[in-house]
Ligand code: 13P
Ligand code: SF4
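Residue numbers (the numbering used here): 10 to 400.
So, in structure tokens, the structure goes:
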């Protein structure tokens with residue numbers, strides 16, 4: 010078994026270029042206290058005009074959202090990036106794996122920029138290519154790799170997406186995990202199994218609650234243990250092999266808080282993202298992607314009460330935008346996604362002003378070989394039959 014080095018670096022310090030996070034972001038940033046930051050961002054964006062297209066994930070800070078040309082979840086932003094071939098620069102206000110996907114889906118002349126290289130995703134770091142290759146070797150030794158379809162959540166590095174492309178698999182997002190799993194189970198006959206990574210919760214919630222598999226049909230693959238911590242018989246019996254990864258934000262919501270809020274807020278409806286643990290999702294009224302959560306709140310009647318389990322920037326924005334509805338955050342101990350929050354106004358101003366001055370900073374590029382295979386896996390997602398977003 011290959012030993013994988015998993016350095017835990019303080020956010021934004023040190024160098025581990027293979028990781029989604031913990032990467033230094035050198036640059037002559039403006040001071041956060043500069044009172045002209047908003048005016049500077051507006052001026053730089055105006056100077057660049059149609060040459061720049063700014064994408065913003067829904068978990069971004071308000072100060073950044075203000076300058077986004079489009080907002081979206083990771084599925085929508087992947088499509089939006091691909092639909093802007095005329096933009097010379099795509100400034101991605103999100104995290105590293107999203108910028109990589111944008112680079113894969115945009116033309117060779119287009120440059121994708123991540124304003125802070127330390128904006129990674131801890132979940133994406135939980136599945137490294139060497140670990141996934143080791144898992145595949147173990148499944149081969151167990152005699153089942155030929156019926157396993159690998160599906161990776163969008164929240165993974167480009168080399169993991171490329172692995173899925175090479176092995177007849179695909180990418181999915183929280184908007185289309187159900188159709189992606191339906192597609193996967195139709196690929197290799199009745200004995201098909203799915204290897205799902207990196208988010209065990211999205212995989213379990215989708216397989217059990219949407220496709221009707223039982224919890225006993227699922228095993229968890231711990232990359233630090235031989236055979237992922239399973240016997241060969243368990244692997245052969247499983248329908249879904251769930252990688253032991255999770256989101257450090259959504260994984261903190263608990264079923265106990267759901268009970269507390271139901272006891273204290275009359276008629277509250279619990280609305281959560283499928284990255285939450287299965288026990289939380291089981292207690293929720295509605296579960297869906299970021300776009301689904303937004304659409305649900307927009308369509309909700311005035312006076313209705315909601316407790317939302319997703320990233321705090323988005324929940325606060327929804328609460329401010331809908332003062333006629335009572336909107337609570339699902340758990341007072343859960344905080345912002347610290348890596349999404351790395352993108353702030355000073356980094357955005359620095360990235361935009363550098364482009365105006367003719368310097369491309371923090372360009373995200375995927376090597377051509379990885380890009381070819383990752384694009385295949387992404388394209389399989391974009392081509393999924395029927396409705397590709399359940400929103
Ligand atoms: P979506 O954008 O697919 O809803 O995923 C949420 C998330 O955690 C992004 O990092
Ligand atoms: Fe990663 Fe979770 Fe942050 Fe999304 S919210 S970027 S999955 S850590």
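Here a beta-carbon is modelled for each residue, glycine too, at the ideal position from N, C-alpha and C.
task: Starting from residue 65, trace the alpha helix (DSSP H) both ways and give me its first and last residue.
output: Segment 61 to 66 is the beta strand (DSSP E) holding residue 65; no alpha helix (DSSP H) there.
message: On the DSSP letters alone, give me the boundaries of the beta strand (DSSP E) that residue 314 sits inside.
response: 314 to 318
task: Assess, as a yes-or-no matter, whether the stretch 380 to 392 is touched by the stretch 168 to 188 under the definition of 3 or more beta carbon pairs within less than 8 Å.
output: yes
field: Check: residue 125 C-beta below 6 Å from any heavy atom of the ligand 13P
entry: no
N- and C-terminal bounds of the beta strand (DSSP E) containing residue 179: 179 to 181
field: Any non-hydrogen atom of the ligand SF4 closer than 6 Å to residue 349 Cβ
entry: yes
- prompt: Cα-Cα, which of 156, 103 and 64 is closest to residue 92?
  reply: 64
- prompt: Roughly how many angstroms lie between the CA atoms of residue 31 and residue 319, to the nearest whole one?
  reply: Low local confidence applies: a pLDDT of 49 at residue 31 is under 50, so the model's placement there is unreliable, with the coordinate-based value given in what follows. Looking at the two C-alpha atoms, the distance is approximately 23 Å.
- request: Give the straight-line distance between the Cα atoms of residue 369 and residue 246, rounded to the nearest whole angstrom.
  value: 51 Å
- prompt: Can you name, in chain order, every residue of its own chain whose Cβ lies under 6 Å from the Cβ of residue 66, other than the five neighbours on each side?
  reply: 103
- prompt: According to DSSP, is residue 372 helix, strand or coil?
  reply: strand
query: By Cβ distance below 7 Å, which residues in the same chain neighbour residue 211 in space, the five residues on each side in sequence not counted?
result: 162, 183, 186, 283 and 284
- request: Label residue 170 either buried or exposed according to how many other C-beta atoms from any shown protein chain fall within 10 Å of its C-beta, with 16 as the threshold for buried.
  value: buried
- prompt: Taking buried to mean at least 16 other C-beta atoms within 10 Å of its own C-beta, is residue 380 buried or exposed?
  reply: buried
- request: From the DSSP output, in three-state form, read off residue 267 for me.
  value: helix
query: How long is the line joining the alpha carbons of residue 238 and residue 252, rounded to whole angstroms?
result: 11 Å
- prompt: Does any heavy atom of the ligand SF4 sit closer than 6 Å to the C-beta of residue 132?
  reply: yes
message: Taking 7 Å as the threshold (C-beta atoms), are residue 371 and residue 123 in contact?
response: yes
Buried or exposed by the 16-neighbour rule on C-beta atoms within 10 Å, applied to residue 233: exposed
field: For review: beta carbons within less than 5 Å of any heavy atom in the ligand 13P
entry: 82, 83, 182, 183, 298 and 299
- request: With hydrogens ignored, establish whether the beta-carbon of residue 102 is closer than 6 Å to any heavy atom of the ligand SF4.
  value: no
query: At which residue ranges does the stretch 173 to 246 contain complete beta strand (DSSP E) runs of 3 or more residues, listed in the order of the chain?
result: 179 to 181, 202 to 206 and 227 to 230
task: Counting only runs of 3+ residues fully inside the stretch 324 to 361, write out the beta strand (DSSP E) ranges in chain order.
output: 335 to 338
query: Is it buried or exposed for residue 382, if we count other Cβ within 10 angstroms and need 16 for buried?
result: buried
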